[in-house]
Amino acid sequence: MVVTATAAGEETLLEQVASGDREAFGTLVRPHLSGLLAFAVRVAPDHAAGEDALQDVLSQAFQTLQRKRADELSQLDIRPWLFRSVINRLRRMGRQRREVPVGLSLEAGHSPDAEETAGRRALLSVVDAELRKLPRDWRAAILLRHHAGYPPEEIAQILDRPSGTVKAWIHRGTRRVRAALPDDIVEGGYQ
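For the sequence shown, our numbering assigns the number 2 to the initial residue and increments by one for each residue that follows.
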């Protein structure tokens with residue numbers, strides 16, 4: 002029987018990870034991997050850099066969790082902590098490269114026809130260009146909200162910023178991106 006993070010309890014898994022249990026670490030992070038990867042490859046300069054950043058984060062996370070005290074582990078919410086770690090890693094990469102481009106892509110497994118693909122790519126190109134004009138934290142907040150589906154309160158935890166600040170970034174940034182889109186696209190429902 003495969004043990005899930007919810008069934009075993011995150012706290013128990015964290016204690017097992019702290020004692021060096023790699024299997025417990027896998028169980029702990031597995032539910033978050035697809036969301037972490039999708040986010041990392043959208044914010045990173047390219048897909049490979051996003052994968053590398055996530056791999057670095059996971060390797061470092063295992064080691065970091067082993068060094069944490071029991072009281073620190075009991076207060077740790079793993080999901081926001083992992084996303085914050087990805088963001089911090091990508092920020093370090095950005096400082097090394099001077100900027101972390103935001104990349105948007107079609108969802109994996111979707112096979113649209115050629116016309117839909119061309120239209121979608123054109124829209125993503127406009128959205129991507131407008132997102133690049135925003136401050137990096139605004140971009141991260143918007144991607145976490147509109148592409149990963151996280152609520153503002155959780156984004157605030159991930160970005161380590163007040164919830165009101167995050168809500169303002171999302172609102173202002175989305176409004177700026179919308180203003181740059183053709184009217185028919187905005188009416189069609191870009192959120």
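Glycine is no exception: its CB is placed at the ideal position from the N, C-alpha and C atoms.
In this structure, the CA atom of Thr-166 is about 10 Å from the CA atom of Ala-142. Residues of the same chain with a CB within less than 8 Å of the CB of Ile-88, apart from the 5 flanking positions on each side, are Val-44, Ala-141, Ile-159 and Leu-160 in chain order. By the Cβ rule, the region 122–129 does not count as touching the region 146–154, because fewer than three pairs are nearer than 8 Å.
Judged by DSSP in its simplified three-state form, Lys-134 adopts helix.
DSSP places Asp-161 in the coil class of the three-state scheme, outside both helix and strand.
Around the beta-carbon of Thr-28, 16 or more other beta-carbon atoms lie within 10 Å, marking it buried.
Per DSSP, the continuous alpha helix (DSSP H) segment holding Gly-36 begins and ends at 34–44. Secondary structure note for Gly-10: it is in no alpha helix (DSSP H), with a DSSP letter that is neither H nor E. Looking at Arg-92, Pro-153 and Arg-176, the one whose alpha-carbon comes closest to that of Ala-54 is Arg-92. Between Arg-23 and Val-58, the C-beta gap is not smaller than 7 Å, which leaves the two residues out of contact.
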